[in-house]
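In order, the protein sequence lines correspond to chains A and B. Heads up: take any position in the first sequence, counting from 1, add 23, and you land on my numbering. Heads up: take any position in the second sequence, counting from 1, add 33, and you land on my numbering.
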Amino acid sequence: MPEDAIPRHTQVFAAAGTAFLRVATTAGGMGILLFRILARFFPPRIDGGEIWKNLYKMGVKSLPIVAITALFTGAIMVVQAATIVKRYSAEGLLGWGAGFGTLREIAPLLTALMISGRVGANNTAELGTMVVTEQLDALRVLAIDPIGFLIVPRFVSIVATLFMMTLFADALALFGAAHTGKALLNVDPVTFYNGFTAGLLDFGDVANGLTKSVVFGVVIGLASCHFGLATTGGAPGVGRAVNAQVVASAAGIFVLDYVTSFILG
Amino acid sequence: MATTSPGQASHPADVDPVPEAHAPPGPVAALGGSAIDLFLGGKELLSVFIRTLYYSVRGKREKGAFTTQMYEIGNKSVFFLSITMGFIGMILVYQSGLQAKRVVPDYTMLGATYLELLVRDFAASIGALMLATRVGAGIAAEIGSMVVTEQVDALRMCAADPIDFLIVPRFKASVIMTTVLIVWAGTVAYLTGAATAYVAFDVAPQTFFNMALIDVGDVSVGLAKCLAYGAAIPVVSGYCGLSTFGGSEGVGWATTRAVVNTSLTIIILNFFISTAGFLIFPG
């Protein structure tokens, strides 16, 4: 509809309505995609070789970046806690303080953001290129189901990758935190590690973070596949699709993080 | 792959023009290759940064480009940033409330401590990570498409340096708008945090709005982060966009690299600025 056809004072409503419709279209598209992915599990019609290929490409290849992020994140958590620890001279609680935030919140969140940037964006770019160069149509012509062949293996790999990377990031972040505590506050790593086992932290905190990582994995998997499949318009279209995926994943991660935090308590 | 690197010449049998044709690189070669790639990439990134700074002072000014970029980077990110920072504010207060409940069920300092952490770190760092995804991916996708469709070559033909013409307006706009957006993001996160504290832990807003712990150190560390992130986002993602090659797949790769590298840059900068801040203002 041309802009000047709408009276000026209703333009704001038109804009709000358009934005709402766009969000609803995306959410609906992702919902339908989730349904179609789940339908391929009963009975399983999934390409096994593709799953292994994607797990290698997404999981193993992301290790360095997750390791760097986790080490620095743990260090930053201690640097931030350092001011408070010094104020109350509560060195014994440093391990607990940094561990609580890292395991429950920061490690799953930052790992998800990095995986969304590396794996999710990559996935969208790949699928978008396939759509733009009509490779998906070629698959259909060959009577190969694109969802079972391309989407489900990627979705499964992303969820599995994020879960495993979060485990890995938890350990590395705490390792980085322990050694920053030694360097900055002269808290012995042993004291730091004792802070975890002193009874204030339990398996529930780790499980909380890992549950979140699965939720984030589902969001990233759905968003990256949806925006990849919805790509239109050549090379600029692929760039736009990647951009839209990254934004949608980040927003989805934060909203669902809040919801899961409240539900898990 | 940097297979012609001097590090590989240690194996005399392999010194031929195309060593990768018959032997896959060993672990040492792979490590050396990626180290050299990292070094070359860093050198190029530094050169882009220095040229950006030079042209920001000496370059030609294109009318309207700066304002357009301020709108693109700033105004268009407000909605996204408000949503994400609003939710992160609720999450952070909820988690720290749970954490406080396990040791001392005393919430009087919750607001003050939260505000200090927000000013010192979370507003700038998480806000900048969000901007890195939205703005960084946008810059890389736009410049990458220009490279692939040879518009950047056309610029060079017209004797316009793509850094002066494309990156400098984004750089200036980003430094200003990142600071502005992060102040806004911090406000949103603080307000949603106050609402969460009231609903979940019964902390009165009068108790929550407590600025007792904010000092010069917190504000200067926070502002230093805003400026550093604002400068890093367009330079890193613009560099990723300019080094695009190979069609629509290349644009996707460039955008991916932009998001990852910008986020990593922010996390590493955060570590160094936070440590420096802690050493200068031990508080």
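Using N, Cα and C, we set each Cβ at its ideal position, and we do this for glycine too.
Name the one or two DSSP bridge partners that residue i has.
i: Phe64/A; result: Pro67/A
Please list, in chain order, all residues of the same chain as residue i whose beta carbon is under 8 Å from its beta carbon, the five residues on each side excluded.
i: Val249/B; result: Phe314
i: Gly400/B; result: In the structure as shown, chain B begins at 34 and stops at 316. Residue 400/B is therefore absent and cannot be evaluated.
i: Thr33/A; result: none
i: Thr96/A; result: Thr125, Ile129, Ala130, Leu133, Ala192, Ala196 and Gly199
i: Lys109/A; result: Leu208
i: Ala258/A; result: Val155
i: Phe186/A; result: Leu233, Ser236, Val237 and Gly240
i: Val185/B; result: Ile176, Met179, Pro195, Leu199 and Leu275
i: Ser281/B; result: Val181
Does residue i have its Cβ less than 7 Å from a Cβ in chain B?
i: Ala37/A; result: no
i: Arg177/A; result: no
i: Tyr79/A; result: no
i: Glu114/A; result: no
i: Ala93/A; result: no
i: Glu128/A; result: yes
i: Gly232/A; result: no
i: Phe198/A; result: no
i: Ser180/A; result: no
i: Phe250/A; result: no
i: Leu44/A; result: no
i: Tyr281/A; result: yes
i: Ala135/A; result: no
i: Ser16/A; result: Because chain A here runs from 24 to 288, residue 16/A falls outside it and cannot be looked at.
i: Arg68/A; result: no
i: Val229/A; result: no
i: Phe277/A; result: yes
i: Phe20/A; result: Outside the displayed span of chain A (24 to 288) sits residue 20/A, for which this structure offers no information.
Measure the beta-carbon distance from residue i to residue j and round it to whole angstroms, keeping in mind my assumption that it falls under 8 Å.
i: Asn77/A; j: Pro176/A; result: 5 Å
i: Val182/A; j: Gly251/A; result: That belief does not hold up - the Cβ atoms of Val182/A and Gly251/A are roughly 16 Å apart, past 8 Å.
i: Gly171/B; j: Leu214/B; result: At roughly 14 Å, the Cβ-Cβ gap does not stay under 8 Å, so Gly171/B and Leu214/B are not in contact.
i: Ala292/A; j: Met100/A; result: Lying outside 24 to 288, the shown extent of chain A, residue 292/A is not represented and no answer is given.
i: Ile106/B; j: Ser178/B; result: Actually they do not touch by this definition, with Cβ atoms about 18 Å apart.
i: Thr166/B; j: Val292/B; result: 6 Å
i: Ala273/A; j: Thr117/B; result: 6 Å
i: Ala227/B; j: Pro238/B; result: 5 Å
i: His249/A; j: Met81/A; result: The pair is not a contact, with the Cβ atoms about 17 Å apart (cut-off 8 Å).
i: Ser158/B; j: Lys258/B; result: 7 Å
i: Ala233/B; j: Gly130/B; result: 6 Å
i: Gly115/A; j: Gly244/A; result: About 41 Å separates the two Cβ atoms, so there is no contact after all.
Near residue i, what residues of its chain come up, given a Cβ to Cβ distance below 7 Å and the 5 sequence neighbours on each side ignored?
i: Tyr223/B; result: Gly122, Leu148 and Leu151
i: Gly240/B; result: In the sequence as presented, Gly is not what sits at residue 240/B; that position holds Thr. Same-chain partners within the cutoff: Thr141 and Gly144.
i: Arg59/A; result: Ile170
Along chain E, which residues have their Cβ under 7 Å away from the Cβ of residue i?
i: Asn303/B; result: Given the protein chain composition of this structure (A and B), no chain E is represented.
Given residue i, which residues of its chain have a CB within under 6 Å of its CB, disregarding the five upstream and five downstream residues?
i: Leu78/B; result: Tyr272
i: Pro45/B; result: With a pLDDT of only 45 at Pro45/B, under the threshold of 50, the placement of this residue in the model should not be trusted, and no figure is reported.
i: Gly151/A; result: Gly251, Thr254, Val261 and Ala264
i: Val180/B; result: Thr277
i: Gly40/B; result: In this predicted model, Gly40/B has a pLDDT of only 41, less than 50, meaning its place in the structure is not dependable; the value taken from the coordinates is given anyway. Within the same chain, Gly40/B has close Cβ partners Gly65.
Hey, is residue i's beta-carbon within less than 7 Å of any beta-carbon in chain A?
i: Met142/B; result: no
i: Gln41/B; result: In this prediction, Gln41/B has a pLDDT of 42, which is less than 50 and means its spatial position is unreliable; nothing more can be read from the coordinates.
i: Arg167/B; result: yes
i: Thr225/B; result: no
i: Val292/B; result: yes
i: Phe241/B; result: no
i: Ala62/B; result: no
i: Phe99/B; result: no
i: Met163/B; result: yes
i: Ala46/B; result: Below a pLDDT of 50, predicted positions are generally treated as unreliable, and Ala46/B, at 45, falls in that range; no measurement from the model is reported.
i: Ser276/B; result: no
i: Phe72/B; result: no
i: Asp116/B; result: Reading the sequence as shown, one finds Ile at residue 116/B and not Asp. Chain A, which has a Cβ nearer than 7 Å to the Cβ of Ile116/B, makes this yes.
i: Met25/B; result: Absent from the structure is residue 25/B, since the part of chain B shown begins at 34 and ends at 316.
i: Ile300/B; result: yes
i: Ala145/B; result: no
i: Ser307/B; result: yes
Return yes when at least one heavy atom of the ligand COA lies under 6 Å from the C-beta of residue i, else no.
i: Thr212/B; result: In the structure on display, the ligand COA does not appear, and there are no ligands present to speak of.
*Listed in chain order, which residues of the segment 125-140 of chain B have Cβ atoms closer than 9 Å to some Cβ of chain A?*
Leu125, Tyr127, Gln128, Ser129, Leu131, Gln132, Arg135 and Val136
*Contact set between the segment 278-290 of chain B and chain A, restricted to residues whose Cβ is under 7 Å from the partner*: Gly280, Ser281, Glu282, Val284, Gly285, Trp286, Thr288 and Thr289
*Quick one, which residues of the segment 146-162 of chain A are near chain B if we go by CB-CB under 8 Å, in chain order?*
Thr147, Ala148, Glu149, Gly151, Thr152, Val155 and Thr156
*What are the residues of the segment 172-190 of chain B that lie near chain A, defined by any Cβ-Cβ distance shorter than 8 Å?*
Ala173, Ala174, Glu175, Gly177, Ser178, Val181 and Thr182
*What residues in the segment 206-224 of chain A have a beta carbon less than 8 Å from any beta carbon of chain B?*
Leu207 and Leu223
_Tell me which residues of the segment 253-266 of chain A have at least one Cβ-Cβ distance to chain B shorter than 7 Å, keeping chain order._
Gly257, Ala258, Pro259, Val261, Gly262, Arg263, Val265 and Asn266
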